[in-house]
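Novice: Sharing a structure with you now.
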Amino acid sequence: MSFPSARPARASFSRPADASTVGINPPGFCWWRADGASAYRMRVTREGRGAVYVADGLPDPAHVPDVLFDAGEYVWTVEATDATGRVLDTFGPRQFTLASGAPEQRWVDAQELLARVPPDHPRVIFTRDGLTDLRASAATTRREPFEALISKADSLLDIRPPDEPTYDSIADPSERKMAYTWGFRDFRGVIDNGMEPLALAYLFTGRRPYGEAALRILRHVARWDVDGVSSIMAPYGDEIGLSLVKVGAHCYDWLHDLMTDEDDRLIRAMLIARGDQMLRRLRDRHDFLASPGESHAGRLPGYLCEHAIACRDAPEAAAWLDYALRALMTVFPHWGGPDGGWAEGIGYGRAYNTIFLPPFEAVRAATGLNLWERPFFRKVRKFFFYCTSPIGEVTPFGDGGSTGNARGGAGMMIHHANVFGDGAARWWADHANPDARRSSHVSSLILADTVEPAAPEGEPSDAAFRGVGWAAMHGDIRRPDADTLVLLKSSPYGSTSHSHADQNAIAILKGGKALATSSGYYGPSYGMPHHAEWTRQTKAHCGVLVDGEGQVDRSADAVGRIARFETRERMGYVVGDAAAAYGGRLARFDRHVVLVRPGFVLVMDDLAAPAPVSYAWLLHAFDPFEIDAARQTVVSTRGEARLTVGLRSAGDLAITQTDEF
């Protein structure tokens, strides 16, 4: 009956981390569950003052104090207690420093927050009080996305409601998986890209044909069996249910004045049933406040917030909001490091941070609670700013990285630019996609676009995101067409979820062209042979094999770390340590990477193994290499971009290339 000695699989990274500086007052606390514990007692102390905060009888290993702390140094511990109150074990002590001037965001009871929610519809993301100004802005600060929205909505007026899926009746597992994959993609075309823009167009214009077309779809899917194939608990896949809980609450809210009493009862009952289902999945299936590592479950706290606001008077709403906010203010986001990175990669980081936009704005508009003040969300735009080229043809690393580009992140960056008044983020978005404002997506219409783009003067050339183990160095960050981008990944998250076995892998882009990159495709579906046996493996990345073998795949223990990082005017320097990723085959793997601006790169691998081994030093590109074996040089070209590699080794060196996976 004790706390684990190491982080269990999918468990939270306990926060605040030991010896960390926190940027929110008070911080959210989370720790690991102890075997046999009935409750927890969390204590915060300060030297010379003893206990300054105690919370007793906590059922879950996550807590947000309802009081503010003074700036300074603190120590926190947690006692696990049994049913009689006897202490079984102690977690900690751990030290943290509360930064001076940190934003204040103490815990507020869910019932109090729901009492702030306006009683009238609309009240999810957009409120009735702001509707006149919102509609007026369609001709000014929201003009481009509004015009795109109306064009899209006009094309959707005859869209038909989707059929309830039947892929669950297919016996063959592979056929069922592919039918599910194509099924949820088609479903999103009707729900996410059909019903939602129609409902939003109705909200902006009040034109009944838009609203009636959206309501036809919502009324239809509300009759489906909530516990059937569309359930987020369905054994064959949850994406259809996730689409419904993603857009259902705000579409119900925006269309409310078109509904009959029967419509309202039908759709509201569906929302309540799906809200309860989300809570059961988070609390009972995943124990999310202790083990938030399941990727899809990470969407649910935001969706629960919207459901609570839409159904503010439902008896269930307070429990939804309570659990969701405790998650959002403690363990969330599991895949996001405290310095703003996203462990699963650019593609998934971009997708999830776009998913968060409507729920966060819904909470802010309806209750006044501004979740953008949380430290991760104040910093995450810097991860995309540094770790991608805005004109890059790839976005290493993680699922989708070898085929994704930066364009899809422009809308999210525009939103963050307007939240934080960041002209550099707006500049990045314009380079990534000059047409980004012509998007009909709801995230493009939430905020008026009032921030002017500004070149990143005064920004450092390099950045490290140690929490997720990424580092980026730039030759000239202010000129994307001439920039040399060097990336290194060495992550404490290991090779789980949408991350790959790619610790200490590098990527090099010149003017956005991929000269050294990861290879393979994310498909045709997650876990299918090509994805599982190539794309996720070390051999698909610019890393190192040991006796032909790569790192341990699908393991939270196959970790790396950023051991050192420096940025100076003329150069950047990073060291990744990936020895632990090889399952005991290596005693040391320190990869030193130097970028001397604008474009000289030095990679030095310091390798040691318990016994004699052979190493394979891997380099991937889209076009054939020019190899001079005698001179030990390799040239990678991509359009006008060119990378010349001179290889040096203490041992015998043979150079080969192949165009096969």
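Per the numbering used here, the very first residue in the sequence shown carries number 699; after that it's consecutive. Heads up, the beta-carbon is just placed ideally off N, CA and C, and yes, glycines get one too. Predicted model only: the values in this text are computed from it and were never measured.
Would you check if the distance between the CB atom of T1215 and the CB atom of P1322 is smaller than 8 Å?
Specialist: It is not a contact, given that the beta carbons lie outside the stated cut-off.
Novice: Assuming I1044 and G1102 are in contact, meaning their beta carbons sit under 8 Å apart, how far apart are those beta carbons, in whole angstroms?
Specialist: Indeed, because the Cβ distance is near 7 Å, the residues count as touching under 8 Å.
Novice: I need the straight-line Cα distance from R840 to E894, nearest angstrom please.
Specialist: Roughly 18 Å separates the two Cα atoms.
Novice: According to DSSP, is Q975 helix, strand or coil?
Specialist: Three-state DSSP puts Q975 in a helix.
Novice: Where do the N-terminal and C-terminal ends of the beta strand (DSSP E) with F1054 fall, by residue?
Specialist: Here F1054 belongs to no beta strand (DSSP E), and DSSP marks it neither H nor E.
Novice: Could you tell me how far apart the beta carbons of A1421 and A947 are, in whole angstroms, since I believe they sit closer than 8 Å?
Specialist: Absent from the model: residue 1421. The displayed extent of the chain is 699 to 1359, so no value can be given.
Novice: Give the C-beta separation of F902 and F844 to the nearest angstrom, bearing in mind that I take them to be a contact with Cβ-Cβ under 8 Å.
Specialist: At roughly 6 Å, the Cβ-Cβ gap stays under 8 Å, so F902 and F844 are in contact.
Novice: Hey, out of A1161, W880, A1012, T1331, whose CA is closest to A967's CA?
Specialist: Of A1161, W880, A1012, T1331, the residue nearest in Cα terms is A1012.
Novice: List the endpoints of the continuous beta strand (DSSP E) containing P871.
Specialist: Per DSSP, P871 belongs to no beta strand (DSSP E); it is in the alpha helix (DSSP H), 871-888.
Novice: Can you tell me which of the three DSSP states S849 falls into?
Specialist: Of the three classes helix, strand and coil, the one that applies to S849 here is helix, per DSSP.
Novice: With distance defined between alpha-carbon atoms, name the residue in T830, A1169, A1006 nearest to L811.
Specialist: The candidate whose alpha carbon is nearest that of L811 is A1006.
Novice: Should E1150 be labelled buried (16 or more other beta-carbon atoms within 10 Å of its own) or exposed?
Specialist: By the neighbour-count rule (16 or more Cβ atoms within 10 Å), E1150 is not buried but exposed.
Novice: Assign Q1355 to buried or exposed, taking buried as 16 or more other Cβ atoms, counted over all protein chains shown, within 10 Å of its Cβ.
Specialist: Q1355 comes out exposed.
Novice: Looking at the secondary structure, which residues open and close the alpha helix (DSSP H) in which Q809 lies?
Specialist: Start and end: 808-814.
Novice: For the alpha helix (DSSP H) containing S941, list its first residue and its last residue.
Specialist: Run containing S941: 937-952, per the alpha helix (DSSP H) assignment.
Novice: I need the DSSP call for I930, collapsed to helix, strand or coil.
Specialist: It is coil, neither helix nor strand.
Novice: Going by DSSP, which residues form a beta bridge with G1248?
Specialist: Note: G1248 sits in no beta bridge, so no partner.
Novice: So is D1120 buried or exposed if we call it buried at 16+ other beta carbons inside 10 Å?
Specialist: Per the 10 Å Cβ criterion, buried.
Novice: Is the region 943-961 close to the region 884-899, with three or more CB pairs under 8 Å?
Specialist: Contact between the region 943-961 and the region 884-899 is present, because at least three Cβ pairs lie under 8 Å.
Novice: Determine whether the beta carbon atoms of R804 and P763 lie at a separation below 8 Å.
Specialist: Yes, Cβ-Cβ distance for R804 and P763 is below 8 Å.
Novice: Can you check the region 1191-1259 for any beta strand (DSSP E) of at least 3 residues that lies completely inside it and give the ranges in chain order?
Specialist: Runs of the beta strand (DSSP E) inside the region 1191-1259: 1203-1208, 1211-1214, 1242-1244.
Novice: Starting from A1025, trace the beta strand (DSSP E) in both directions and tell me its first and last residue.
Specialist: Counting along the chain, A1025 falls outside any beta strand (DSSP E), though it belongs to the alpha helix (DSSP H) covering 1015-1026.
Novice: In the DSSP assignment, find the unbroken beta strand (DSSP E) run with V1184 in it and report its ends.
Specialist: Residues 1182-1187.
Novice: Can you give me the start and stop residues for the alpha helix (DSSP H) that S700 sits inside?
Specialist: No alpha helix (DSSP H) holds S700; DSSP gives it neither H nor E.
Novice: How close, in whole Å, do the beta carbons of R979 and A995 come, if the pair is a contact with beta carbons under 8 Å?
Specialist: That belief holds up - the Cβ atoms of R979 and A995 are roughly 6 Å apart, short of 8 Å.
Novice: Give me the residue from M976, Y1046, G1039 with the minimum Cα distance to A1022.
Specialist: Comparing Cα positions, the closest option is M976.
Novice: Can you give me the C-alpha to C-alpha distance between A1314 and D1326, rounded to a whole angstrom?
Specialist: The alpha-carbon atoms of A1314 and D1326 are separated by roughly 18 Å.
Novice: Contact between the region 1164-1179 and the region 862-876: three or more CB pairs below 8 Å?
Specialist: The region 1164-1179 vs the region 862-876: no contact.
Novice: In angstroms with no decimal places, state the Cα-to-Cα distance between D1357 and L1316.
Specialist: Their Cα atoms are separated by approximately 13 Å.
Novice: Who are the Cβ neighbours of P907 in its own chain at under 8 Å, not counting the five residues just before and after it?
Specialist: Counting only Cβ-Cβ distances below 8 Å, and skipping sequence neighbours, we find L855.
Novice: Nearest-angstrom Cα distance between D733 and P706?
Specialist: So the two alpha carbons sit approximately 12 Å from each other.
Novice: Rounded to the nearest angstrom, what separates V1250 and S1188 at their Cα positions?
Specialist: Straight-line Cα distance between these residues: approximately 14 Å.
Novice: In chain order, which continuous runs of the beta strand (DSSP E) of length 3 or greater are located wholly inside the region 703-789?
Specialist: Listed in chain order, they are 718-720, 737-744, 748-756, 770-779.
Novice: What are the residues that DSSP puts in a beta bridge with I1325?
Specialist: V1332.
Novice: So does the region 1214-1231 actually touch the region 1097-1113, counting three or more Cβ pairs closer than 8 Å?
Specialist: Contact holds: three or more Cβ-Cβ distances are below 8 Å.
Novice: CB-CB under 6 Å to V1371, same chain, minus the five flanking residues each way: which ones, in chain order?
Specialist: Outside the displayed range of the chain (699 to 1359) lies residue 1371, so it cannot be described from this structure.
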